[in-house]
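First the structure, in the form of structure tokens, and then the observations on it.
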Amino acid sequence: MSEKEIQQRIKKMHGLMLRRFGPKFWKSGKRKGQLREPGMTVPFSAAELHSWVMAEVGIYASPCPFCGTPIDALSLSLDHDVPASRGGSLVLDNLVCCCLKCNKLKGSLTGDEFRGFMLYVRDLAPAAQSDILTRLNAGAMGMRLRYFGRKA
Ligand SMILES: [Zn+2]
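Each residue of the sequence shown is one higher than the last, beginning at 70 in my numbering.
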């Protein structure tokens with residue numbers, strides 16, 4: 070894992086955030102180029118995100134705060150502790166580094182709600198555990214299809 074790879078990945082994640090939360094414009098039709106949704110401002114640069122991730126996780130593996138799976142700068146995913154869809158702010162203080170699997174399952178739960186849910190699931194019989202997690206994964210997949218369309 071090189072410093073350059075890390076930098077590229079974080080730059081890409083920052084770009085995705087700008088696209089997801091930033092202002093949206095009409096792409097065609099009479100209103101082409103006009104503002105469609107004001108969106109939110111991502112209040113930090115890619116370089117600031119980079120130093121934040123390095124301070125949080127660094128280049129060595131550290132455990133996912135929800136499930137304990139080791140994550141590092143190249144495998145982590147970024148999630149909002151209080152989801153933006155529920156009024157959470159986009160500031161760095163509201164970001165959590167976790168594994169991709171937890172990020173998908175967490176959906177629009179807050180970090181505390183998801184931690185509680187994981188504790189609850191952990192104590193279930195294995196068959197019940199896998200049933201719930203399979204259904205949640207399927208639901209997350211359906212949401213992605215609806216959001217990104219067939220191609221994603
Ligand atoms: Zn995890």
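Virtual Cβ for every residue (Gly too), placed ideally from N, Cα, C.
Taking one beta carbon from each stretch, the segment 97-114 and the segment 149-164 have 3 or more pairs nearer than 8 angstroms; the two touch.
For residue 165, the enclosing beta strand (DSSP E) has its first and last residue at 164-167. By the beta-carbon neighbour count (other beta carbons within 10 angstroms, threshold 16), residue 148 is buried.
Taking 8 angstroms as the cut-off, the C-beta of residue 96 does not count as close to any heavy atom of ligand 1.
Secondary structure of residue 100 (DSSP, three-state): coil. In terms of Cβ geometry, residue 198 and residue 204 do not form a close pair [threshold 9 angstroms].
Separation of the CB atoms of residue 78 and residue 93 is rounded to 25 angstroms, and the pair is thereby denied contact status at 8 angstroms. Residue 137 sits exposed, since fewer than 16 C-beta atoms from the chains shown fall within 10 Å of its C-beta. By the rule of a C-beta closer than 6 angstroms to any heavy atom of ligand 1, the residues picked out are 133, 135, 136, 138, 167, 168, 170 and 171.
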